[in-house]
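Structure, as structure tokens:
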Amino acid sequence: MNTVDNAAFRAEGLTKVYGVGESKVYALRGVDLQVPRGEMVVLLGPSGSGKSTLLNILGGLDSPTEGKVFFGTRELTAFDDRHLTLFRRESVGFVFQFYNLIPSLTARENVALVTEIARDPMAPEEALALVGLEPRMDHFPAQLSGGEQQRVAIARAIAKKPQVLFCDEPTGALDSQTGIVVLQAIARVNHELNTTTMVITHNAGIAAMADRVLQMADGEIQDIRINAEPCDPAALSW
Amino acid sequence: MLIELCKPLDRKLLRDLWAIKGQALAIALVIGCGIGMYIMSRGMLESLQETRNAYYERYRFADLWAPVKRAPDALLEQIATLPGVRRAETRIRAGVILDVEGASAPITGEIQSLPEKPTPHINDIVLRRGRYFDPQHEEEVLALQSFVEAHGLGPGDHLYAILNGTKKKLTITGVVLSPEYVYAISPGEIVPDKKRFGVLWMNREALANAFDLDGAFNEAALLLSPGASEDAVIERLDTLLKRFGATGAYGRKQQISDQFLTNEINQLNTMGRVLPPVFLLVAAFLLNVVINRLIDTEREQIGLLKAFGYSGVSVALHYLKMIGVVTLLGIAIGMVLGLWLGHGLAAMYQDYFKFPFLLFSAPADVYLIAIGASLAVAGTGTVSAVLRATRLEPAVAMVPPPPPDYSRSAAGLERLARWLDQPTRMILRHLYRWPKRAGLTVLGIGMSMGLLIGSSFSLDAMLYMVDISFNVIDRQDVTVNFVEPRNLRAVQDLLHAPGVMAAEPFRAVPVVLRNGQFKRREAIVGLSDNAELSRVVDTALRPVPLPPDGLLLSDKLAELLHVEAGDLLRVEIRTGRRPEVDIPVRGIVKTYMGTAAYMNLDSLNSLLKEDIAITGGYLLVDSQHTDALYRALKNTPVVSGVSLQEQAQNAFYDTLQESLGTFVFFNTLFAGLIAVGVVYNNARISLSERGRELASLRVLGLTRGEVSYILLGELALLTLLALPLGAFLGYALARGLVYSFNTELFRIPLIISPATYGYAVLVVVLAAIGSGLLVRRRIDRLDLISVLKTRE
Ligand SMILES: Nc1ncnc2c1ncn2[C@@H]1O[C@H](COP(=O)(O)OP(=O)(O)OP(=O)(O)O)[C@@H](O)[C@H]1O
Ligand SMILES: [Mg+2]
């Protein structure tokens, strides 16, 4: 815990307990974590190990039972709902397994939904160009393939130029080829905007593109691996 | 505990129901309102009819009344033996001015004769308190209960009456009810005023002495043989009694009390026919929408159940059971509500209609129909949705439906969308994508507003009717009726009475008007040329000058007689020398109450081949001197009746507030419930369908307010769209009601004040805001994480 200045966010002793008494489930058991600014982090681990729980807490979607989360110097865990909303609005981008696009808005409008309320966003067209979807801008989600929908979701997440981008199994519903296109978009955003990025995946192969690989098991971070030479997603395969 | 005992599918049923408990309750309430209304109105209708029939039967309410000037008792024999007559009796009946200690204004009343001893007779009385009069004591009378109690009197108390020109002090020995005065109203008025209309019953001999009718009578009351033709008997009676100054026999249809009672029963009938179906329709619509959406969201589960081997029938049964529970809850609410309202209404009617007993009891078929109708309505509201569910192939059902396609949008909408922010675009596209659902919601809200307008407009209309009747048509303060026709000079006497500022004469002449087969027993009112107080107005409410000859008929009378301006009408005058002449109808005029026929006073008198004579006068009175005038009138022997406009108007407003006010209050409650039911259900279902979308937006950083806007903005827009529709439906309903309330007694004009529209809008908007707030609370508690875990 020495490079505090450089950390995008930091977690101390995060515990998350679901239920009470007999049926208590420990989703997280005292997680400490520090992620340096601009890094690409991949989170691996078996199902039920607490990956999503950790990500949701770091992103301000959920609160821990115990422990603290700092975003820069601000303590996220002390925020009320209004500040959490503001935090998500200004500083965080999310991408989920099931895209979560608004079906009644076109690709461009889905992005505009966020840029309309952000402080210093890029143009929706620019964000869509970053993920290579400029030509499909005016299509509705129902007219896009799964991979395209996921790229729209990434464009929507990064259009506000967030400091952090959280992706929970972004390729989970995609075939490997499409998955690589999506990962390329994520990597590009990470490089070009210097966005600290955290990606959850079940796919150990994807770890090769990360600067840092966290291995979770049973609510704890078991292993942290630094990858000196992250490779281009194009070189991945699974 | 309970849940553990059930089969898995039933457990799912209970949990599902619990999950939509708010909506289920809203639907049950709407069903309940429909059933409650139905049980109340049908039950009250049946109760009133039952009670009326039993009362009439038991106390031998007459079928016919035949007033004459004076006929010998011996004539009874001939009357009783007329074909079609089952039983006949004679009596003495007269108008009187009453005076009670402490009452300043003169009271109009009637006095009737009774046999010496209490014997079963036609138009029998019900002795409620005290005793029958003693024939030895001429001053002893029985008096109508409502009148006696309104003045705080009872057996042993005294009152005064001017009997045939002599003021007499009378003693009340008994307090009674009579089937002839179930609705105790003074002739020519529209609402009963307990204090200002009294009826007395006196020993026949004593009354005959007072009116110089020894061995004679002035009215016959008859019961008809079963199957006898009323019209035929009337013709025979009129022929027989012609020599004795008969003004024309009449049946129950023209008996004032029965007329009002029948009118009320008909109105109840109309309400019972119109309102409950509206409620049930709305309930059916709500159920349909809820179930359809539920099945949409449960598509995969249904597929799964079928894949596991549950048959289509058991899946259908599952949803039908769910509807069954909601419907049964609605039925239970409706029964309780209906009984409660019914008993309340019966208590109100008991105060309004003087029955010796009035119990609210709805016959079994009312309940059966209510239950059957709601089950049928719930069933049809559900069946198509359930069928759709069972028809799904398991494989198809289990594949999640593709994201809804919004790409086919209207060009106009898209052009508009360019100027709007994304959330507003979402609202518009959502509405455009499901126009039917949006349309039904708008219709549902519109119906509730229509119901509000349709039920509260009658207040406006009644007030307007009274305003026109009292301030445009009949502008006099006091109407005085004489015992006998008097010389025109009597107007001068009236003018000299204290406080009288203006006086105008009138003459009312009993006639029978005939146009071929159509015939009416009426009074022609002769007015002076330059009448300023009681006026005749046309349909545009402009004063109409009286033509030098010929008749002016009220619109309703012209309709009943099927005549138009220019037609000739056969007029059989039933007084004096009883001439029969053909008189042209010169015009049709507007009246909201009664069925009037007007003529120029001079030409009316020349028709009667008499000098100018009058039967009463209209007075304009200085309000400073009313008491002095009242005192004078109470002691004027030639006066048989006095009507006071202001008191009549006040009585009307009081009655209106009491009866219609209560009625409007309940309808407001019901319509408000419908509005809440529709709006809340719509919002809740939208929320459950789009919860995922809304949670995603929250994740993206939209605030609670911004997210709520998408859902509540849609509701607001639908509510806004529903307002003009509601106004239109309200107008249409009011039109229908006006049409069905058009009776001989009064016609309600189709007047809907802006305030009524405003009130309906207010109730609907408040209901929408209330439901919006309820839903908003749920939006605030959206679970952001759970929606991210699952696909649609
Ligand atoms: N709402 C909840 N109530 C109870 N337990 C929960 C809840 N959400 C998560 N859990 C439990 O917490 C633990 C961690 O869940 P989490 O979703 O973080 O796992 P995960 O690592 O993301 O798994 P997967 O790879 O399958 O997505 C699991 O054991 C899970 O059962
Ligand atoms: Mg997970």
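Just so you know, the protein sequences line up as chains A and B, in that order.
The letter at position 6 of the first sequence is residue 6 when you use our numbering, and the numbering goes up by one with no holes.
The letter at position 442 of the second sequence is residue 1442 when you use our numbering, and the numbering goes up by one with no holes.
The beta carbon of each residue, even a glycine, is placed where N, CA and C say it ideally should be.
Asked                                                                                                           : Found
7 Å CB neighbourhood of B/R1574 in its chain, flanking five on each side removed                                : A1246, T1247, G1248, P1510, V1511 and V1512
Check whether B/R1520 and B/L1557 have beta carbons under 8 Å apart                                             : yes
Below-8 Å beta-carbon distance, A/R74 vs any chain B residue                                                    : no
Ligand 2 heavy atom lying under 7 Å from the CB of A/S52                                                        : yes
Short CB-CB distance (under 8 Å) between A/A27 and chain B                                                      : no
Chain B within 8 Å of A/N190, Cβ atoms only                                                                     : no
Interface flag, A/P103 vs chain B, CB-CB below 8 Å                                                              : yes
Heavy atom of ligand 2 within 7 Å of A/D252 beta-carbon                                                         : Past the edges of chain A, shown from 1 to 238, lies residue 252 of chain A, and the structure says nothing about it.
Beta-ladder partner(s) of A/P36, from DSSP                                                                      : A/A7
Residues that A/R195 contacts on chain B, provided the C-beta gap is smaller than 8 Å                           : Residue identity differs from the one stated: residue 195 of chain A is Thr in this sequence, not Arg. Per Cβ cutoff of 8 Å: no residues; A/T195 is ~16 Å from chain B at best.
CB contact check: B/S1688 to chain A, cutoff 8 Å                                                                : no
Cβ-based neighbour list, B/L1315, same chain, cut-off 7 Å, excluding 5 preceding and 5 following                : Correcting the residue type first, residue 1315 of chain B is Val in the shown sequence and not Leu. Counting only Cβ-Cβ distances below 7 Å, and skipping sequence neighbours, we find I1302, L1305, K1306, A1389 and T1390.
Counterpart residues of A/F250 in DSSP-defined beta bridges                                                     : What the structure shows of chain A is the stretch from 1 to 238, and residue 250 of chain A is not part of that stretch, so it cannot be assessed.
Cβ-Cβ separation, B/V1326 to B/P1027 (assumed contact under 8 Å), whole Å                                       : The residue asked about is misnamed: residue 1027 of chain B is Ile in this sequence, not Pro. The Cβ separation is near 5 Å, so the contact holds.
Alpha helix (DSSP H) segments (min. 4 residues) lying fully within the segment 1325-1361 of chain B             : none
Alpha carbon of B/Q1112 to alpha carbon of B/L1213, nearest angstrom                                            : 13 Å
Contact test: A/S63 Cβ vs ligand 1 heavy atom, cutoff 7 Å                                                       : no
For B/R1425, three-class secondary structure by DSSP                                                            : helix
Under the three-state DSSP convention, the category B/S1771 falls into                                          : helix
B/D1474, buried or exposed, once every other Cβ within 10 Å from all chains shown has been counted against 16   : buried
At least 3 beta-carbon pairs within less than 8 Å: the segment 62-79 of chain A vs the segment 13-31 of chain A : yes
Exposure label - B/W1201; buried when at least 16 CB within 10 Å                                                : buried
Distance between B/L1275 and B/L1451 (C-alpha atoms, nearest Å)                                                 : 8 Å
Segments assigned alpha helix (DSSP H), at least 4 residues, entirely inside the segment 1637-1691 of chain B   : 1645-1655
Near ligand 1: A/V213 beta-carbon under 7 Å from a heavy atom                                                   : no
Coil, strand or helix - B/W1419 by DSSP                                                                         : coil
Chain A contact for B/R1293 (CB, 8 Å cutoff)                                                                    : no
Inter-residue CB distance, B/V1764 and B/L1619 (contact presumed, cutoff 8 Å)                                   : Contact doesn't hold; Cβ gap of about 48 Å is too wide.
Within 8 Å, strictly: CB atoms of A/P135 and A/A159                                                             : no
A/G27 Cβ short of 7 Å to ligand 1 heavy atom set                                                                : Sequence inspection shows Ala at residue 27 of chain A; the Gly mentioned does not correspond to that position. Yes, since a heavy atom of ligand 1 falls inside the 7 Å radius drawn around the Cβ of A/A27.
Identity of the residues DSSP links to B/V1500 by a beta bridge                                                 : B/V1621
Paired residues, beta bridge with B/W1018 - DSSP                                                                : B/W1018 is not bridged to any residue.
beta-carbon B/G1691 near ligand 1 non-hydrogen atom, thresh 7 Å                                                 : no
Under 7 Å by beta carbon: chain A residues contacting B/T1703                                                   : T85
The segment 1757-1782 of chain B: positions lying closer than 7 Å to chain A by Cβ                              : none
Distance cut-off 7 Å: A/G45 Cβ against heavy atoms of ligand 1                                                  : yes
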